[in-house]
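Everything in the sequence shown is counted per the numbering used here, starting at 28 for the first residue and increasing by one.
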Amino acid sequence: MSVYCLAHLLASRHRYDESFVLYERACGAYPAVLGEDHPTTGVCRQHYSEALASQKQDTPDSNASTQKSESSKLSRGLAKIGIKGSKFSLR
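Laid out in structure tokens, this is it:
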């Protein structure tokens with residue numbers, strides 16, 4: 028099983044912290060190995076973005092500052108894999 032597939036499986040089980048470590052590893056390696064334009068590189072990044080957003084939805088927000096913090100966390104996670112101004116933004 029690939030690192031990416033394991034990350035996707037963990038995210039589907041709502042084990043986000045574990046999946047994010049693996050997504051970052053896979054999303055960091057795929058551009059160098061497969062290239063920026065390879066479909067697997069794009070899908071890995073998309074699934075990582077979706078997992079970040081799913082974690083946000085699974086965590087109830089108690090106030091606006093928590094929501095802003097989570098939005099920042101999502102932005103930082105996306106920036107780590109080279110996605111800026113993503114359509115997956117929480118705004």
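Even glycine gets a Cβ: it sits at the ideal position worked out from N, Cα and C.
#1: Extract the residue ranges of the alpha helix (DSSP H) inside the stretch 38-85, only unbroken runs of 4 or more that lie entirely within it.
#2: Under the three-state reduction of DSSP, which class applies to G104: helix, strand or coil?
#3: Which same chain residues, not among the five before or five after M50, have their C-beta less than 6 Å away from its C-beta?
#4: Between V60 and Q84, what straight-line distance do the alpha-carbon atoms span, to the nearest angstrom?
#5: What number of angstroms, rounded off, separates the C-alpha of Q82 from the C-alpha of L105?
#6: Pull up the distance between the alpha-carbon of S89 and that of D64, whole angstroms please.
Reading it off the structure:
#1: 43-60, 66-85
#2: Along the sequence shown, read from residue 1 onward, the residue named residue 104 stands at position 77. In this structure, G104 counts as helix in the three-state DSSP scheme.
#3: For the purposes of this step, residue 50 is taken as the residue at position 23 of the sequence shown. Reading off the sequence shown, one finds Tyr at residue 50, where the question assumed Met. For Y50, where only same-chain residues beyond five positions count, the Cβ hits under 6 Å are A34, Y75.
#4: The sequence position of residue 60 within the sequence shown is 33, counting from 1. The sequence position of residue 84 within the sequence shown is 57, counting from 1. The straight-line gap from Cα to Cα measures roughly 32 Å.
#5: One-based indexing of the sequence shown puts residue 82 at position 55. One-based indexing of the sequence shown puts residue 105 at position 78. So the alpha carbons of these two residues sit roughly 14 Å apart.
#6: Indexing the sequence shown from 1 puts residue 89 at position 62. Indexing the sequence shown from 1 puts residue 64 at position 37. Here S89 scores only 49 on pLDDT, less than 50, and its place in the model is too uncertain to base an answer on.
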